[in-house]
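Asks: Residue numbers (our numbering), protein chains in the order written: chain A, 48 to 160; chain B, 136 to 251.
No residue lacks a Cβ here, since even glycine has one placed at the ideal position from N, Cα and C.
My questions will all concern the structure given below.
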């Protein structure tokens, strides 16, 4: 049981490049989320999904796309990277039942130059 | 909307000292409350939780009590160890709501360093 896995662990992009951050979970969780972590700001919700085929925006969705074609996978796409997207990205999953506690992956550290 | 406010860090303590990290919240509904811990270079791990007023969550010697009257969920430990050095996040979810309110709203985190 691997829990929540994320790849890559580190990534450097140039401004304007695109990439996809991968996230997978093996707990059969309905809910999955993407957060970004910036110093002094805690974690902020980017996008989330409450099941396959269903996604919605969080607090800071601009510049990011998501899709959820399977229960297990929830990739995050950066369309045209900007230096403001330099951050640590965490994927999380939840059973979909109260109290909605979430289980986190190890994170992807992204630097945009 | 929902929000979480944590005491500013960093906090530096000597081993075996008493720890308190303050957390207060505002919520439109009846939230569930959590403390997460992040060790260097790792993701967040759930430390403890409480889902209703006066509930006490506890784990690994850490405790926090859900105080609805003061909208607080302060984290405490009687005797910290060097291995407790980490960043601690207070968070809430709002199970009675729909959509993003069921996701976690985080405080800004408190860096704890414990010196031997």
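What does residue 88 of chain A reach in chain B if we use C-beta pairs closer than 7 Å?
Replies: Taking the first residue of the first chain as 1, we reach residue 88 of chain A at position 41. Correct list: 243.
Asks: Give the residues of chain A in contact with residue 237 of chain B, contact being defined as C-beta atoms less than 7 Å apart.
Replies: Counted from its first residue, the second chain places residue 237 of chain B at position 102. Simply 147.
Asks: Does the beta carbon of residue 114 of chain A come closer than 8 Å to any beta carbon on chain B?
Replies: Taking the first residue of the first chain as position 1, residue 114 of chain A is located at position 67. No, residue 114 of chain A lies away from the interface with chain B (no Cβ there is under 8 Å from its Cβ).
Asks: Rounded to whole angstroms, what's the CA-CA distance from residue 202 of chain B to residue 147 of chain B? Just pull it up for me.
Replies: In the second chain, counting from the first residue as 1, residue 202 of chain B sits at position 67. In the second chain, counting from the first residue as 1, residue 147 of chain B sits at position 12. Each residue's Cα considered, the two are about 26 Å apart.
Asks: Do you know whose CA, among B:220, B:234 and B:238, lies nearest residue 139 of chain A's CA?
Replies: Taking the first residue of the first chain as position 1, residue 139 of chain A is located at position 92. Of the candidates B:220, B:234 and B:238, the one whose C-alpha sits nearest the C-alpha of residue 139 of chain A is B:238.
Asks: Just to check my reading of the structure: residue 157 of chain A and residue 133 of chain A have Cβ atoms closer than 8 Å, yes? What is that Cβ distance to the nearest angstrom?
Replies: Counted from its first residue, the first chain places residue 157 of chain A at position 110. Counted from its first residue, the first chain places residue 133 of chain A at position 86. Contact holds; Cβ gap of about 6 Å.
Asks: Mind checking the region 166-188 of chain B against chain A and listing, in chain order, the residues whose C-beta falls within less than 7 Å of any C-beta there?
Replies: Within the region 166-188 of chain B, the residues whose Cβ lies closer than 7 Å to some Cβ of chain A are 167, 169, 177, 178, 179, 181, 184 and 186, listed in chain order.
Asks: Given that residue 234 of chain B touches chain A, what residues does it touch there, using C-beta distances under 9 Å?
Replies: In the second chain, residue 234 of chain B corresponds to position 99, counting from 1. Residues of chain A passing the Cβ test: 95, 97 and 103.
Asks: Just verifying my parser: in three-state terms, what is the DSSP assignment at residue 103 of chain A?
Replies: Counting from 1 along the first chain, the entry for residue 103 of chain A is found at position 56. If DSSP states are grouped into helix, strand and coil, residue 103 of chain A belongs with the strands.
Asks: Which residues in the same chain have their Cβ closer than 6 Å to the Cβ of residue 172 of chain B, if we skip the five residues on either side of it in sequence?
Replies: For the purposes of this step, residue 172 of chain B is taken as residue 37 along the second chain, with counting starting at 1. Hits under 6 Å: 180, 182, 221 and 223.
Asks: Thinking C-alpha only, which one of B:205, B:186 and B:211 is nearest residue 195 of chain B?
Replies: As a position in the second chain, residue 195 of chain B is number 60, starting the count at 1. Among B:205, B:186 and B:211, the Cα nearest to that of residue 195 of chain B is on B:211.
Asks: DSSP beta-bridge partners for residue 205 of chain B?
Replies: For the purposes of this step, residue 205 of chain B is taken as residue 70 along the second chain, with counting starting at 1. Paired residues: none, contrary to the question.
Asks: Using a cut-off of 7 Å between C-beta atoms, extract the partners of residue 151 of chain A located in chain B.
Replies: By one-based count along the first chain, residue 151 of chain A stands at place 104. Here the neighbours are 178 and 179.
Asks: Compare the beta carbon distance of residue 129 of chain A and residue 107 of chain A with 8 Å and say whether it is the shorter of the two.
Replies: Here residue 129 of chain A corresponds to residue number 82 of the first chain, with the count starting at 1. Here residue 107 of chain A corresponds to residue number 60 of the first chain, with the count starting at 1. No; because the gap between Cβ atoms is not below 8 Å, this pair is not in contact.
Asks: Please list, in chain order, the chain B residues whose beta carbon lies closer than 9 Å to that of residue 125 of chain A.
Replies: Position 78 of the first chain, counting from 1, holds the residue named residue 125 of chain A. Residues of chain B passing the Cβ test: none, with the nearest at roughly 20 Å.
Asks: I want to verify the contact list: residues of chain A whose CB lies under 9 Å from the CB of residue 126 of chain B, in sequence order.
Replies: A question about residue 126 of chain B goes unanswered here, because the residues of chain B that appear run from 136 up to 251.
Asks: Is residue 224 of chain B close to chain A, meaning its C-beta is less than 8 Å from at least one C-beta of that chain?
Replies: Translated into positions along the second chain, residue 224 of chain B becomes position 89. Judged by the 8 Å Cβ criterion, residue 224 of chain B is in contact with chain A.
Asks: By Cβ distance below 8 Å, which residues in the same chain neighbour residue 143 of chain A in space, the five residues on each side in sequence not counted?
Replies: As a working note, residue 143 of chain A is residue 96 in the first chain. Same-chain partners within the cutoff: 76, 77, 78, 97 and 98.
Asks: Take residue 252 of chain B and list the residues in its own chain whose beta-carbon comes closer than 6 Å to its own, dropping the five residues that flank it on each side.
Replies: The structure shown does not extend to residue 252 of chain B, since chain B is modelled only from 136 to 251, so the question has no answer here.
Asks: Identify which residue in B:151, B:156 and B:169 has its Cα closest to the Cα of residue 148 of chain A.
Replies: On the first chain, position 101 is the one that residue 148 of chain A refers to. Checking every option, the nearest Cα to that of residue 148 of chain A belongs to B:169.
Asks: Comparing C-alpha positions only, which one of A:127, A:135, A:109 and A:89 sits nearest to residue 64 of chain A?
Replies: As a working mapping, residue 64 of chain A is identified with position 17 in the first chain. Looking at the Cα atoms, A:127 is the closest of the given residues.
Asks: Based on DSSP bridge pairs, tell me the residues matched to residue 238 of chain B.
Replies: For the purposes of this step, residue 238 of chain B is taken as the residue at position 103 of the second chain. Per DSSP, none; premise fails for residue 238 of chain B.
Asks: Can you tell me which of the three DSSP states residue 127 of chain A falls into?
Replies: Position 80 of the first chain, counted from the first residue, corresponds to residue 127 of chain A. Of the three classes helix, strand and coil, the one that applies to residue 127 of chain A here is coil, per DSSP.
Asks: Within the same chain, show all residues whose beta-carbon is closer than 7 Å to that of residue 240 of chain B, passing over the 5 residues directly before and after it, in chain order.
Replies: Here residue 240 of chain B corresponds to residue number 105 of the second chain, with the count starting at 1. Once the five neighbours on either side are set aside, the close Cβ partners of residue 240 of chain B are 137, 138, 139, 226 and 227.
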